[in-house]
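J.: Quick one: the structure is below, questions incoming.
Residue numbers (the numbering used here), protein chains in the order written: chain A, 161 to 298; chain B, 161 to 298.
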């Protein structure tokens with residue numbers, strides 16, 4: 161993993177937000193997932209248009225978890241602080257996803273790009289997040 | 161489209177790089193696509209792991225254009241300058257894609273998140289780019 165920036169503590173806090181998101185996602189904890197977003201946070205994910213703002217995010221994540229069960233491990237590829245209040249994290253995830261309607265389980269791989277912003281109280285929050293599917297593509 | 165930041169000229173330059181990328185992509189001009197990236201630029205796109213650095217990018221884009229023909233229009237959703245040297249752009253694209261092996265044409269929708277960095281000579285370049293497919297998913 162590549163790490164760059166000026167403060168180890170802040171880099172650890174930035175990475176911790178991404179890890180908090182990824183682990184909450186993996187245990188299908190929608191409230192904990194959404195808690196990592198800024199109020200104006202945006203999700204860009206496969207199969208749906210952008211989800212803008214915490215209210216919409218709080219609606220969409222439970223729908224995702226109702227449809228699919230994820231059992232994924234994450235790999236943080238880089239943590240980069242780009243200014244006092246902004247950073248990005250790039251990661252990759254792989255494991256299995258289970259179609260809850262059919263019970264079908266298949267191997268799955270994704271990659272993720274988090275743009276994070278430091279709040280006025282110093283918390284690193286997800287401002288924009290884009291994830292794309294590596295496999296399977298059907 | 162939401163625009164925020166301090167300098168209209170710089171915001172226009174940031175948006176111009178994203179538009180240059182999207183229009184070069186649409187005309188399958190791999191060299192022009194890759195020219196918008198920083199040397200350490202990273203592409204995160206469906207169906208393949210992250211493509212890191214200009215050399216790998218210059219190999220991958222021609223493969224993409226050999227397999228699929230795109231006829232897309234773009235919609236810039238927001239242009240945000242986050243520091244003197246960093247910005248992001250969020251966009252959506254829709255149109256058709258043609259499988260060049262089979263000739264099949266189908267409607268397609270994507271969304272895009274660009275993280276851009278200002279170079280030492282003042283050019284806005286793509287540092288990290290993630291695109292995810294909205295439709296079709298098979």
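Glycine is no exception: its CB is placed at the ideal position from the N, C-alpha and C atoms.
(1) Within 8 Å (strictly less), CB to CB, does residue 248/B reach chain E?
(2) Does chain A have any CB closer than 8 Å to the CB of residue 243/B?
(3) Using a cut-off of 9 Å between C-beta atoms, extract the partners of residue 273/B located in chain A.
(4) Going along chain A, which residues have a C-beta under 9 Å from residue 209/B?
(5) Check whether the Cβ of residue 297/A lies closer than 8 Å to any Cβ atom in chain B.
(6) Taking beta-carbon pairs under 8 Å, can you tell me which members of the segment 229-240 of chain B lie near chain A?
(7) Taking C-alpha atoms, which residue in 283/B, 271/B, 284/B lies nearest to residue 293/B?
(8) Near residue 205/A, what residues of its chain come up, given a Cβ to Cβ distance below 6 Å and the 5 sequence neighbours on each side ignored?
(9) What residue range is occupied by the uninterrupted beta strand (DSSP E) comprising residue 173/B?
(10) Residue 246/B and residue 251/A look like a contact to me (Cβ under 8 Å); what is the Cβ gap, rounded to whole Å?
(11) So, residue 288/A versus residue 274/B, is the Cβ gap smaller than 8 Å?
(12) Determine whether the beta carbon atoms of residue 202/A and residue 191/A lie at a separation below 8 Å.
(13) At which residues does the beta strand (DSSP E) containing residue 287/A begin and terminate?
(14) Are the CB atoms of residue 286/A and residue 198/A within a distance shorter than 8 Å?
(15) DSSP three-state call for residue 280/A: helix, strand or coil?
(16) Cutting at 7 Å between CB atoms, please list the residues of its own chain near residue 175/A, excluding the five before and the five after it.
(17) To the nearest angstrom, report how far apart residue 266/B and residue 295/B are at their CA atoms.
(18) Where are the alpha helix (DSSP H) runs, 4 residues long or more, that stay fully inside the segment 178-240 of chain A, in chain order?
(19) What residues are listed by DSSP as bridge partners for residue 251/B?
(20) Do residue 255/A and residue 233/A have their C-beta atoms within less than 8 Å of each other?
(21) By the three-class DSSP mapping on this structure, what secondary structure does residue 262/A have?
(22) Among the residues of its own chain, which have a CB less than 8 Å from the CB of residue 167/A, if the five just before and after it don't count?
(23) Between residue 188/A and residue 225/A, is the Cβ-Cβ spacing less than 8 Å?
(24) Going by C-alpha distance, which of 180/B, 218/B, 278/B, 297/B is nearest residue 257/B?
T.: On the basis of the data shown:
(1) Considering every chain present, this structure includes no chain E. Its protein chains are A and B.
(2) Taking the first residue of the second chain as position 1, residue 243/B is located at position 83. For residue 243/B, the closest Cβ of chain A is nearer than 8 Å.
(3) Here residue 273/B refers to the residue found at position 113 when the second chain is read from its first residue. Simply 202, 204, 273, 275, 288, 289, 290.
(4) As a first step, residue 209/B is located in the second chain; it is residue number 49 there, counting from the start. Within chain A, the residues 252, 269, 271, 294 have their CB atoms less than 9 Å from the CB of residue 209/B, given in chain order.
(5) Counting from 1 along the first chain, the entry for residue 297/A is found at position 137. Yes, because at least one Cβ of chain B sits closer than 8 Å to the Cβ of residue 297/A.
(6) Here the close residues are 237.
(7) Sequence index remark: in the second chain, residue 293/B carries index 133 (1-based). Of 283/B, 271/B, 284/B, the residue nearest in Cα terms is 271/B.
(8) The sequence position of residue 205/A within the first chain is 45, counting from 1. Apart from sequence neighbours up to five positions away, the residues of its chain that approach residue 205/A with a beta-carbon distance below 6 Å are 291, ordered along the chain.
(9) Counting from one through the second chain, the residue named residue 173/B turns up at place 13. Residue 173/B -> not in any beta strand (DSSP E); alpha helix (DSSP H) instead, spanning 168-186.
(10) Within the second chain, the letter at position 86 stands for residue 246/B. Within the first chain, the letter at position 91 stands for residue 251/A. No, residue 246/B and residue 251/A are not in contact; Cβ-Cβ is about 19 Å, not under 8 Å.
(11) By one-based count along the first chain, residue 288/A stands at place 128. By one-based count along the second chain, residue 274/B stands at place 114. Residue 274/B sits away from residue 288/A, with the two beta carbons spaced by 8 Å or more.
(12) To locate residue 202/A, count along the first chain from 1; it is residue 42. To locate residue 191/A, count along the first chain from 1; it is residue 31. In this structure, residue 191/A does not lie closer than 8 Å to residue 202/A by Cβ.
(13) In the first chain, the residue the question calls residue 287/A occupies position 127. Residue 287/A -> beta strand (DSSP E) spans 284-295.
(14) Taking the first chain and counting its residues from 1, one reaches residue 198/A at position 38. Taking the first chain and counting its residues from 1, one reaches residue 286/A at position 126. Taking 8 Å as the Cβ cut-off, residue 198/A and residue 286/A qualify as a contacting pair.
(15) Your numbering for residue 280/A matches position 120 in the first chain. Secondary structure of residue 280/A (DSSP, three-state): coil.
(16) Locating residue 175/A in the first chain gives position 15, where the first residue counts as 1. The residues 236, 239, 249, in chain order, have a CB closer than 7 Å to that of residue 175/A in the same chain once the five nearest residues on each side in sequence are set aside.
(17) Locating residue 266/B in the second chain gives position 106, counting from the first residue. Locating residue 295/B in the second chain gives position 135, counting from the first residue. Answer to the nearest angstrom: the Cα atoms are 10 Å apart.
(18) Listed in chain order, the complete alpha helix (DSSP H) runs (minimum 4 residues) inside the segment 178-240 of chain A are 190-195, 214-227.
(19) As a first step, residue 251/B must be located in the second chain, where it is residue number 91. DSSP, once it has assigned bridges, lists 236/B, 272/B as partnering residue 251/B.
(20) Residue mapping note: residue 255/A aligns to position 95 of the first chain, counting from 1. Residue mapping note: residue 233/A aligns to position 73 of the first chain, counting from 1. In contact: residue 255/A and residue 233/A (Cβ atoms closer than 8 Å).
(21) By one-based count along the first chain, residue 262/A stands at place 102. DSSP places residue 262/A in coil when its eight states are reduced to three.
(22) Here the question's residue 167/A lines up with position 7 in the first chain. Within the same chain, residue 167/A has close Cβ partners 241.
(23) Locating residue 188/A in the first chain gives position 28, counting from the first residue. Locating residue 225/A in the first chain gives position 65, counting from the first residue. With respect to residue 225/A, residue 188/A sits close: the two C-beta atoms are nearer than 8 Å.
(24) Taking the first residue of the second chain as position 1, residue 257/B is located at position 97. With respect to the C-alpha of residue 257/B, the residue from 180/B, 218/B, 278/B, 297/B having the closest C-alpha is 297/B.
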